[in-house]
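As they're listed, the protein sequences go chains A and B. So for the first sequence, full-length UniProt numbering puts the first residue at 1; every next one is plus one. So for the second sequence, full-length UniProt numbering puts the first residue at 1; every next one is plus one.
Number of protein chains: 2
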Amino acid sequence: MKIDSVDFFYLAMPKVTTEADGSQDALVVRVSAGGHVGWGECEAAPLPSIAAFVCPMSHGACRPVADSVLGETLNGPDDIHRMTATVAYNSMDLLQAAHTWSGIEMAMWDLLGHVRGVPTWKLLGYDAAYPKIPYASVLFGTTPQGTLERAREMRGRGFRAAKFGWAPFGASLESDIAHLDAAREGLGPDGILLIDAGQIFNEDVEAAALRLDAMERNRVTFFEEPFHGSAYGAYGKLSARVKTVKTAGGEAAHNRHMAEHLIDFGKVGYVQIDCGRIGGLWPAKQVADYAVKRGVTYINHTFTSNLALSASMQPFAGLKDHRICEYPTTLKQLAVDLTRNHIVPDKNGEIHVPDAPGLGIEVNPAALTQYAQDVEIKVNGKVLFQSVRSV
Amino acid sequence: MKIDSVDFFYLAMPKVTTEADGSQDALVVRVSAGGHVGWGECEAAPLPSIAAFVCPMSHGACRPVADSVLGETLNGPDDIHRMTATVAYNSMDLLQAAHTWSGIEMAMWDLLGHVRGVPTWKLLGYDAAYPKIPYASVLFGTTPQGTLERAREMRGRGFRAAKFGWAPFGASLESDIAHLDAAREGLGPDGILLIDAGQIFNEDVEAAALRLDAMERNRVTFFEEPFHGSAYGAYGKLSARVKTVKTAGGEAAHNRHMAEHLIDFGKVGYVQIDCGRIGGLWPAKQVADYAVKRGVTYINHTFTSNLALSASMQPFAGLKDHRICEYPTTLKQLAVDLTRNHIVPDKNGEIHVPDAPGLGIEVNPAALTQYAQDVEIKVNGKVLFQSVRSV
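Below, the structure written as structure tokens:
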């Protein structure tokens, strides 16, 4: 099959706010080859990601992503690997390329799964897929009381695990302790409690360490992204000071190496990969293999649609002992509407990667129209990108 | 002073080819504040970098760079540091932001230098600037004979050092050895010979190591970027196997951490920083300080105009013992025309960072018009970016 087209759909809610909620917009990718289509989603700023696909070449090592994709052959995983290498080399100096490529690569695995009639996780090399314990991924309340209520709500909805993240965490030690206590109280004594600091401590190990006592006391399972995603030194120092809580990170990794370094040098206990950023499913699968070897637990990072959720489950679907799974529960309507089917917890409170061809998620064409952002990019009078006007 | 505007000038040669020559286009940045202007240059794909400045917000941690800059106060270095932190945090999920910010930050140091009447290197904390030995930075010839002639030409032009890079290096061991021998022959026995593999070995340590004998024999000073910029493990393994030649890398670093990791984990002997990618002058200065502490030699990475060259010299201008300096010698006409003054070797074959306010380089308005690429970006009918039509 020849890759005939790659279409980008930039979707957004009518109003986008400064809250740290990644489901307020989306960049959905459709790859067409040989009469088949596959869907993917970049977890990335849509406009720069589109620009990285269509931009004029700067030089041989700074070419648009399109040059490594359009017209290429796609008959099997080896073709994806070949294109991965081409993008990495020919777009070496185009920083945004990794985010753009992520959604395209994902769509190619979806497409191949449809062609072969098998779930993508089988194409990635797994024989079986195991259920995951979804953790409700929510933002902290603005007050400890708000956090308490949100935790109670998640427990009431049957979640055995919940992660609280971002502001106001980091504002003050006293407030942070109050939020940690509130989260534990609301979740109940048996809930798996996870905390996401959203890089608020930058690389200040002492500031992050001040929160450890309250985390240990509240039996927090992991302490996510205390620092800048590349500050492996800070991660390593904090990791050496924890008792029961483990450090976690990795969502910023835009290639496999970065995630592996966070394991080797940052000594994280949990490595969290966003397939919409790291370059798609295959580098994520490689990180999962690496994590197993190093005794580290792999988890997805997902804060967008169920298309992205299914994609993010594929690389560790077959890892029976890597049990917890990020599961966004306060998605904006756009992210809900984007897919016709949804991944929902079963009666045991567990979720299952779709046992259907490809990613097993059906994109809803109506959402692509309803939330469409109309983009036009022109250089020297030539239209390099124009949003698809009808789906 | 309040930052009134940030203007981007996307320039390009009439024809851009796949050769690994970064001077075929340019993204020049003009920052205006309080009636003063400063100039910078991103070493980046222009269109995605512009998009990262003007794109709609995706969420609180994925905001356009403009949001952290326009209308902000700029009275001194502390204001630059503050904006650096804001961009890093508020554009955390916008990968291209680091490249966009690099040119802006550079322009702010230029502007502050003009306001205070001092060279930027003084603002960065140096009392004196020392001359550098420029190495002619050229591509390999297509044949060993071509490399020989290019090396002779550089020697004839008075260069005491030259770096040969990119294709066809890596094509075959036999060819690589022939090119290495040719480069040494052409440069003469006393010339400082440097090699840039342009990441061709990805992470194949054995393949890179096969070239070491011929490098040692030809007294190559450093072996640059054998591997993917993030493959610290591969760098570390090769660094452990060299005898006299040292490994070099760092141009891919888009934050200070990445360069420091290449020192700590990749064990490079030379760290090469592009101020147009790492986030501007201050993170580069921090890497220079770090390199000194670790006994590593700092070098600029520059393959564009003399505006970028001056900028890239500032962070290590005061390091007397860090002697060699990348000096592009086959610049495309656009990069030559971009500045009214140029940094040229003196009678000793050394170059000097300008001893003039700011970066000490005067941008040529005619070039901004002559090579202008006309860009228009619209989202939902609203023009988010339109090239400046007159300078």
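C-beta: ideal position from N, C-alpha, C; glycine also.
Taking the alpha carbon of residue i as the reference point, which residue from the options has its own alpha carbon closest?
| i | options | result |
| --- | --- | --- |
| A:Ser-172 | A:Arg-152, A:Ala-197 and A:Glu-185 | A:Ala-197 |
| B:Ala-178 | B:Pro-46, B:Ala-66, B:Arg-211 and B:Ala-259 | B:Arg-211 |
| A:Ile-109 | A:Thr-100, A:Trp-121, A:His-99 and A:Ala-98 | In the sequence as presented, Ile is not what sits at residue 109 of chain A; that position holds Trp. That would be A:Trp-121, whose Cα lies nearest to the Cα of A:Trp-109. |
| A:Met-154 | A:Ala-167, A:Phe-169, A:Ala-136 and A:Gly-146 | A:Ala-136 |
| A:Asp-4 | A:Arg-30, A:Met-13 and A:Leu-95 | A:Arg-30 |
| B:Leu-331 | B:Lys-237, B:Met-1 and B:Glu-19 | B:Glu-19 |
| A:Ser-175 | A:Ser-312, A:Glu-225 and A:Gly-141 | A:Gly-141 |
| B:Gly-71 | B:Glu-260, B:Met-1 and B:Phe-316 | B:Met-1 |
| A:Lys-293 | A:Glu-260, A:Ile-324 and A:Phe-303 | A:Glu-260 |
| A:Leu-139 | A:His-342, A:Leu-74, A:Ala-26 and A:Tyr-327 | A:Tyr-327 |
| residue 406 of chain A | A:Leu-123, A:Phe-385 and A:Pro-315 | With chain A covering 1 to 391 only, the question about residue 406 of chain A has no answer from this structure. |
| A:Phe-201 | A:Glu-362, A:Pro-168, A:Val-28 and A:Val-220 | A:Pro-168 |
| A:Asn-75 | A:Lys-237, A:Gln-333 and A:Ala-33 | A:Ala-33 |
| A:Leu-112 | A:Arg-152, A:Trp-39 and A:Ala-182 | A:Trp-39 |
| A:Ala-208 | A:Gly-236, A:Arg-323, A:His-322 and A:Leu-334 | A:Gly-236 |
| B:Asn-341 | B:Asn-348, B:Val-353 and B:Gly-349 | B:Val-353 |
| B:Val-363 | B:Gly-158, B:Ala-182, B:Val-205 and B:Ala-308 | B:Ala-308 |
| A:Ala-88 | A:Ala-234, A:Arg-256 and A:Leu-123 | A:Arg-256 |
| B:Glu-149 | B:Asp-21, B:Phe-303, B:Ser-68 and B:Leu-180 | B:Leu-180 |
What residue range is occupied by the uninterrupted alpha helix (DSSP H) comprising residue i?
| i | result |
| --- | --- |
| A:Ala-288 | 281-294 |
| A:Val-336 | 333-337 |
| B:Glu-105 | 97-116 |
| B:Asn-306 | 306-313 |
| B:Glu-149 | 144-156 |
| A:Val-245 | Taken as a continuous stretch (DSSP letters only), A:Val-245 belongs to no alpha helix (DSSP H), as it is neither H nor E. |
| A:Tyr-235 | 232-239 |
| A:Ser-390 | A:Ser-390 -> no alpha helix (DSSP H), and no H or E assigned at all. |
| A:Glu-216 | 212-217 |
| A:Glu-185 | 173-187 |
The beta strand (DSSP E) with residue i in it runs from where to where?
| i | result |
| --- | --- |
| A:Glu-41 | 36-42 |
| A:Gln-272 | 270-273 |
| A:Leu-74 | Run containing A:Leu-74: none; DSSP gives neither H nor E here. |
| A:Glu-376 | 375-379 |
| B:Phe-223 | 220-224 |
| B:Leu-194 | 192-196 |
| residue 398 of chain A | With chain A represented from 1 up to 391, any question about residue 398 of chain A goes unanswered, as that position is not in the structure. |
| B:Phe-53 | Segment 46-54 is the alpha helix (DSSP H) holding B:Phe-53; no beta strand (DSSP E) there. |
Inspect the beta-carbon positions of residue i and residue j and report whether they are closer than 8 Å.
| i | j | result |
| --- | --- | --- |
| A:Tyr-298 | A:Ile-273 | yes |
| B:Phe-222 | B:Thr-244 | no |
| A:Gly-360 | A:Ser-310 | yes |
| A:Ile-351 | A:Lys-15 | no |
| A:Gly-318 | A:Tyr-10 | no |
| A:Asp-355 | A:Ala-129 | yes |
| A:Asp-346 | A:Gln-370 | no |
| B:Val-296 | B:Gly-269 | yes |
| A:Gln-199 | B:Met-313 | no |
| A:Ala-26 | A:Ala-335 | yes |
| A:Ala-98 | B:Ala-51 | no |
Is it right to say residue i is buried, meaning 16 or more other beta carbons lie within 10 angstroms of its own, or is it exposed?
| i | result |
| --- | --- |
| A:Gly-35 | exposed |
| B:Thr-339 | buried |
| B:Gln-145 | exposed |
| A:Lys-285 | buried |
| B:Ser-390 | exposed |
| residue 421 of chain B | What the structure shows of chain B is the stretch from 1 to 391, and residue 421 of chain B is not part of that stretch, so it cannot be assessed. |
| B:Gly-381 | exposed |
| B:Gln-96 | buried |
| A:Thr-147 | buried |
| A:Thr-17 | exposed |
| A:Gly-156 | exposed |
| A:Glu-105 | buried |
| A:Arg-241 | exposed |
| A:Ala-183 | buried |
| A:Gln-24 | buried |
Check whether the Cβ of residue i lies closer than 7 Å to any heavy atom of the ligand FMN, and answer yes or no.
| i | result |
| --- | --- |
| A:Thr-17 | Absent from the structure shown: the ligand FMN. Ligands present: none. |
Fill in: Contact the stretch 243-260 of chain B vs the stretch 223-234 of chain B: 3+ CB pairs below 8 Å
yes
Practice prompt. Flag this pair as touching only if the stretch 69-86 of chain A and the stretch 274-293 of chain A have three or more C-beta atom pairs under 8 Å; answer yes or no.
Written response: yes
Discussion item. Check whether the stretch 188-195 of chain A and the stretch 159-166 of chain A are in contact - that is, three or more C-beta pairs closer than 8 Å.
Written reply: yes
Discussion item. Closer than 8 Å is the cut-off here; do at least three beta carbon pairs connect the stretch 52-62 of chain A with the stretch 54-71 of chain B?
Written reply: no
Worksheet item: If you measure beta-carbon to beta-carbon, which residues of the stretch 218-247 of chain B are closer than 7 Å to chain E?
Response: You won't find chain E in this structure, because its protein chains are A and B.
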